[in-house]
Ligand SMILES: Cc1ncc(COP(=O)(O)O)c(C=O)c1O
């Protein structure tokens with residue numbers, strides 16, 4: 087587990103900026119521990135949405151009137167903020183998408199369709215979300231390429247030795263997550279990227295669970311693609327980004343055709359727009375992209391080191407408390423983790439756990455977490471998962487533990 091340092095965040099003050107947290111659910115104060123599914127939005131993100139629709143709403147890029155210019159400027163400001171957030175070299179390397187799912191599908195469809203050949207290999211890991219499995223299965227089937235899977239160890243880490251053995255001259259794409267949504271494992275992506283590159287493969291990183299917690303420097307990582315969802319980093323749903331190296335994006339065909347992604351259209355031939363617009367067909371999710379900038383600034387102001395220190399402390403505390411409860415078993419105990427803990431309770435169905443906790447206002451996720459293969463790996467149909475944000479507190483972990491003891495009293 088990561089080193090635990092003393093937190094410097096004023097949690098009570100931070101919580102006042104999240105209106106949703108200040109409510110009762112089933113007569114109890116809300117304890118929101120489902121942050122890996124989506125985290126809550128600070129007021130400034132919500133205000134940015136309202137302000138956009140009350141003051142600036144207009145379609146972007148094509149209009150020359152004041153509202154269109156305001157909307158375009160704010161939209162492009164988020165692109166610059168995201169460039170800095172992940173330290174991309176060029177602003178046109180940031181493509182707005184609907185989120186990680188669309189970002190991965192874009193790469194699988196565009197890059198995969200253009201460059202994969204029969205017999206080529208794509209490597210993913212056993213720890214992936216369905217979003218980083220199914221698009222690769224689809225393109226591999228279409229191109230008669232082969233999908234290989236890195237096995238996962240008993241504590242929920244990628245088996246690096248096995249990964250190195252899977253790599254060969256036929257490996258063309260490696261796609262892994264930065265941090266796992268089901269177990270919280272932080273993967274050694276630096277080593278994975280370097281090894282893949284020595285075999286001439288390109289690397290896509292699914293950063294869905296990393297953006298709110300970990301430092302991301304795409305130039306230092308040297309990854310070829312990096313995917314982020316806004317709604318998992320305190321921004322609105324329905325948007326996110328695909329980072330890609332400029333030279334790769336320039337070689338790739340468009341993903342979707344339509345307005346905005348063209349230079350000139352005739353019935354004989356269409357020429358495509360420059361980056362990033364070549365990959366942004368149609369009217370984008372303008373309001374949510376603009377509000378995402380507020381989420382980026384919010385995280386920047388808190389500081390990722392402070393966030394990690396607080397969340398690591400919560401995770402350690404949670405693990406210690408859960409382990410002290412008889413018949414609770416932790417699933418996923420990797421050495422490096424983001425603040426996600428899956429667990430099962432012998433003899434109690436995950437659905438009952440989730441439902442009983444909800445009666446006490448406690449929101450955890452139960453099920454397969456869109457990661458069925460890792461459930462199969464651990465021989466469980468599902469887990470319960472508590473996942474933390476910087477606004478969570480130890481007293482909420484105590485509420486979870488009391489809730490679990492109460493479930494045991496009822497069902498065991
Ligand atoms: C690791 C991981 N990858 C991909 C996704 C898909 O993200 P989205 O639904 O925002 O496209 C998720 C969402 O839970 C995730 O946790």
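Numbering (this note's numbering), first residue to last: 87 to 498.
The beta-carbon is built from N, C-alpha and C at its ideal position, and this holds for glycine as well.
The model shown is predicted, which means the values in this text are computed figures rather than measured ones.
Through-space distance from residue j to residue i, alpha-carbon basis
| i | j | result |
| --- | --- | --- |
| residue 272 | residue 179 | 25 Å |
| residue 183 | residue 492 | 43 Å |
| residue 325 | residue 318 | 10 Å |
| residue 290 | residue 106 | 34 Å |
| residue 480 | residue 470 | 19 Å |
| residue 455 | residue 437 | 13 Å |
| residue 163 | residue 133 | 17 Å |
| residue 364 | residue 354 | 19 Å |
| residue 88 | residue 381 | Low local confidence applies: a pLDDT of 36 at residue 88 is under 50, so the model's placement there is unreliable, and no value is given. |
| residue 252 | residue 426 | 28 Å |
| residue 463 | residue 498 | 26 Å |
| residue 487 | residue 166 | 43 Å |
| residue 482 | residue 429 | 17 Å |
| residue 344 | residue 366 | 9 Å |
| residue 131 | residue 114 | 26 Å |
| residue 276 | residue 150 | 45 Å |
| residue 405 | residue 424 | 13 Å |
| residue 190 | residue 220 | 10 Å |
Own chain partners of residue i with C-beta closer than 8 Å, once the 5 adjacent residues on each side are dropped
| i | result |
| --- | --- |
| residue 90 | Low confidence applies here, because residue 90 scores a pLDDT of 35, under 50, leaving its location unreliable; read the following figure in that light. Correct list, in chain order: 395, 398, 399, 402. |
| residue 104 | 126, 127, 128, 129, 477 |
| residue 235 | 209, 210, 211, 212, 459 |
| residue 449 | 111, 116, 117, 118, 119, 120, 443 |
| residue 408 | 414, 416, 427, 429, 487, 490 |
| residue 452 | 436, 437, 439, 440, 468, 469, 470, 471 |
| residue 466 | 417, 430 |
DSSP three-state assignment for residue i, whether helix, strand or coil
| i | result |
| --- | --- |
| residue 90 | Interpretation of residue 90 is limited by its pLDDT of 35, a score under 50 that renders its predicted location unreliable; no figure is taken from the coordinates. |
| residue 480 | helix |
| residue 172 | helix |
| residue 115 | strand |
| residue 417 | strand |
| residue 210 | strand |
| residue 298 | coil |
| residue 320 | coil |
| residue 471 | strand |
| residue 446 | coil |
| residue 120 | strand |
| residue 313 | strand |
| residue 183 | strand |
| residue 451 | strand |
| residue 486 | helix |
| residue 438 | helix |
| residue 325 | coil |
| residue 429 | strand |
| residue 219 | coil |
Beta carbon of residue i nearer than 7 Å to that of residue j
| i | j | result |
| --- | --- | --- |
| residue 334 | residue 181 | no |
| residue 161 | residue 376 | yes |
| residue 472 | residue 119 | yes |
| residue 246 | residue 208 | no |
| residue 418 | residue 286 | no |
| residue 309 | residue 279 | yes |
| residue 218 | residue 292 | yes |
| residue 322 | residue 374 | yes |
| residue 175 | residue 305 | yes |
| residue 186 | residue 294 | yes |
| residue 215 | residue 267 | yes |
| residue 288 | residue 259 | yes |
| residue 250 | residue 296 | no |
| residue 230 | residue 188 | no |
Contact set for residue i: own chain, Cβ-Cβ below 6 Å, skip 5 residues either direction
| i | result |
| --- | --- |
| residue 484 | none |
| residue 156 | 142 |
| residue 495 | none |
| residue 92 | Confidence at residue 92 is low in this model, with a pLDDT of 46, below 50, so its placement is unreliable and no value can be given for it. |
| residue 499 | The requested residue 499 is not part of the displayed model; the chain covers only 87 to 498. |
| residue 311 | 193, 290, 330 |
| residue 420 | 241, 242, 243, 271 |
| residue 101 | 107, 477 |
Contacts around residue i, its chain only, beta-carbon distance under 7 Å, and the 5 residues preceding and following it disregarded
| i | result |
| --- | --- |
| residue 147 | 158, 346 |
| residue 369 | 145 |
| residue 98 | none |
| residue 378 | 164, 316, 321, 322, 325 |
| residue 222 | 194, 208, 210, 233, 261 |
| residue 123 | 451 |
Exercise. Would the segment 331 to 343 and the segment 195 to 210 be scored as touching if the rule is three or more Cβ pairs under 8 Å?
Worked result: Yes, since at least three Cβ pairs between the segment 331 to 343 and the segment 195 to 210 fall closer than 8 Å, the two stretches touch.
Exercise. Is the segment 220 to 240 in contact with the segment 438 to 446, if contact means three or more CB pairs nearer than 8 Å?
Worked result: Because the criterion of three Cβ pairs below 8 Å is not met, the segment 220 to 240 and the segment 438 to 446 do not touch.
For this session: Could you tell me whether the segment 235 to 245 touches the segment 291 to 302, using the rule of 3 or more Cβ pairs below 8 Å?
Result: Counting Cβ pairs under 8 Å, fewer than three are found: no touch.
Exercise. Quick one: any contact between the segment 377 to 392 and the segment 162 to 177, if contact means 3 or more CB pairs under 8 Å?
Worked result: These segments touch.
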